[in-house]
Amino acid sequence: MTIKEYVAFRKDEIRNLVYSFDRKPSIAIVQVNEDAGSCAYVRGKLKDADELGVKADLIKLPLETTQEELLEVINKLNNDHEHDGFIVQMPLPKGINEDVIKLAVSPKKDVDGFHPLSSLVPCTPKGIINYLHFEKIDMQGKNAVVIGRSNIVGKPMAKLLLKENMNVTVLHSKTFPEDMAFYIAHADVIVVAIGKAGFLDNRFTYKKDAVIVDVGISRTEEGLKGDAIMGLPVRLQTPVPGGVGLLTRLALYENLLEIYSATK
Ligand code: GUN
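First residue of the sequence shown: 51, per the numbering used here; consecutive thereafter.
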């Protein structure tokens, strides 16, 4: 099943569940940046909410918003009874410290799962693991390689793969090229999240049964490109666009329903 088909199937399930509730779950989306990526993500999230029967409020703040002003908005959202949860769309403009903002969101309302005390898993790794389960990818005792060590993808992804009893190696910008090639050649699951268009290509060799999960999305002259070139000789490779971005959006609403159910 393609990711598009899988997401449509899960959305049907979620929509039916939401329709059985006597109160609509509600989410606020705070957007400060106006870059094309953020706008596309936010548009997608609002469309999903509409399709799922979830109430979504977009709080769009001017680009000149200061950290103090954003913290005030967050404080209000932490304490209101109108929204079950909210997210602050990343990246934020220069001058606003993203770590400060992530810590300011109450773990009780943190749909992104970014707060260290949040009981929720960040959306991208969560969406990926759910999809790997759905595709019945055998993970126990197998080799996983995570390329990239960001706080919102690489690190939580490595932790989740470890929970699946995989042998997890995290590679990054300081990894020696020969080691990169070695680990990739032995990997059963490769999650790449570095934002370098076409980084995984035919320079490397892959196990023919490998699964490549492509988290990268770069705007190039030839359109949106993932961190891997298309058509690598493996069992399964997620496309860009129409891949992990859809899984992330789905996981956002799965997280919102977890918060909703815990507070009902
Ligand atoms: N920017 C890119 N991905 C995400 C995400 O999952 N959550 C938020 N808040 N911002 C993002």
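By construction, the Cβ of each residue, glycine as well, lies at the ideal position given by its N, Cα and C atoms.
Keep in mind that this is a model prediction, so the values were computed, not measured.
Requested in this report: Report the rounded CA-to-CA distance for Ile197 versus Asp72, giving the unit in angstroms.
Outcome: 43 Å
Report task. May I ask you to check if the CB of Val138 is nearer than 7 Å to at least one heavy atom of the ligand GUN? Result -> yes
Requested in this report: Could you check how far apart the C-beta atoms of Val57 and Leu300 are, in whole angstroms? I think they sit under 8 Å.
Outcome: 5 Å
Query raised in the report: Comparing the CB of Tyr91 with every heavy atom of the ligand GUN, is any distance shorter than 7 Å?
Result: yes
**Report entry** Test item: CB-CB of Tyr310 and Asp134 under 8 Å
**Finding:** yes
Report task. Using only alpha-carbon positions, find the residue among Glu55, Thr116, Thr313 and Gly248 that is nearest to Val82. Result -> Thr116
Query raised in the report: Hey, quick one: how far does the alpha helix (DSSP H) through Ala301 stretch, first residue to last?
Result: Val294 to Thr313
Report task. Would you check if the distance between the CB atom of Val242 and the CB atom of Met207 is smaller than 8 Å? Result -> no
**Report entry** Runs of alpha helix (DSSP H) lying entirely within the region 180–266, each at least 4 residues, in chain order
**Finding:** 204–213 and 227–235
**Report entry** Residue of Glu119, Ile53, Ala237 and Val290 minimising C-alpha distance to Ile109
**Finding:** Glu119
Query raised in the report: Unbroken beta strand (DSSP E) runs of length 3 or more, entirely within the region 96–179: which are they?
Result: 105–110 and 135–138
Query raised in the report: Where does Arg269 sit, in a helix, a strand or coil, going by DSSP?
Result: strand
Query - Beta-carbon gap between Lys152 and His165 smaller than 8 Å - result: yes
Query - Pick from Lys95, Asn147, Leu307 and Ser268 that is closest to Pro289, judged by C-alpha positions - result: Ser268
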